[in-house]
Ligand SMILES: Cc1cc2nc3c(=O)[nH]c(=O)nc-3n(C[C@H](O)[C@H](O)[C@H](O)COP(=O)(O)O)c2cc1C
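Quick look at the structure:
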């Protein structure tokens, strides 16, 4: 019988050497009714990719259990509706949690009117934390000027920076 080249901790260390941050798979799941949160999700994704992260982006209504299972990190976002996350975003996250949250890393984000105290990201973070997801960077919010946008000035740049920060926190 042949001996496997690496076992246990050795295997993990070797895998890190071979793949580094690239081996971490991140999933961005977002809901968006009028496109603002979608733009933020895509900007976060480009910030993460800039620094070498592997990222899949899925709309809440289209994400599958397999998408959640395949990812090491879940980044979940939604527009703020009545101080919380939209039901499509919460439903998608519940679907992910049902596949097993142990060992997953994550954070959340939202779009909301400026000067509003709490938003969707707080609710999504709470759901993830309670399920056992480790929050690796604090949730972030992005301003909108009206119910259907536009985004506040600099919101997409802020999202790119947030993406880089998430990718940095995913480094082993
Ligand atoms: C039904 C409804 C409720 C909303 N409630 C809030 C709210 O409580 N706080 C807030 O900051 N924005 C609220 N908004 C504004 C949304 O945050 C805004 O429409 C959203 O950021 C747009 O994102 P989207 O284009 O991705 O749908 C609400 C919008 C709608 C349509």
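Numbering (this note's numbering), first residue to last: 8 to 179.
Where a beta carbon is used, it is the ideal one built from N, C-alpha and C, also for glycine.
So, at 8 Å on beta carbons, what are the nonlocal neighbours of residue i in its own chain, with the 5 sequence-adjacent residues on each side left out?
i	result
residue 158	43, 46, 47, 118, 149, 150, 151 and 152
residue 28	Reliability of the predicted coordinates at residue 28 is poor, the pLDDT of 49 falling under 50, and the value obtained from them is presented with this limitation in mind. These residues qualify, in order along the chain: 58, 59, 60, 174, 177, 178 and 179.
Leaving out five residues before and five after residue i in sequence, what residues of the same chain have Cβ atoms less than 6 Å from its Cβ?
i	result
residue 95	38, 67 and 68
residue 76	106
residue 54	167, 170 and 171
residue 109	139
residue 87	117, 119, 126 and 127
Taking buried to mean at least 16 other C-beta atoms within 10 Å of its own C-beta, is residue i buried or exposed?
i	result
residue 36	buried
residue 89	exposed
residue 126	buried
residue 155	exposed
residue 78	buried
Taking C-beta to C-beta, are residue i and residue j nearer than 8 Å?
i	j	result
residue 146	residue 120	no
residue 161	residue 50	no
Rounded to whole angstroms, what's the CA-CA distance from residue i to residue j? Just pull it up for me.
i	j	result
residue 129	residue 113	13 Å
residue 100	residue 131	8 Å
residue 164	residue 107	33 Å
residue 140	residue 40	26 Å
residue 168	residue 60	14 Å
residue 93	residue 103	16 Å
residue 123	residue 138	26 Å
residue 97	residue 82	13 Å
residue 71	residue 32	15 Å
residue 65	residue 52	11 Å
residue 91	residue 111	23 Å
Who are the near neighbours of residue i in its chain, counting only those whose CB is closer than 7 Å to its CB and skipping five residues on each side?
i	result
residue 172	144
So is residue i in contact with chain C if we call contact Cβ pairs under 8 Å?
i	result
residue 55	No chain C is present in this structure, which holds just one protein chain.
Assuming residue i contacts residue j (C-beta within less than 8 Å), just tell me the rounded distance between them.
i	j	result
residue 63	residue 74	6 Å
residue 34	residue 85	That pair is no contact at about 15 Å.
residue 142	residue 135	7 Å
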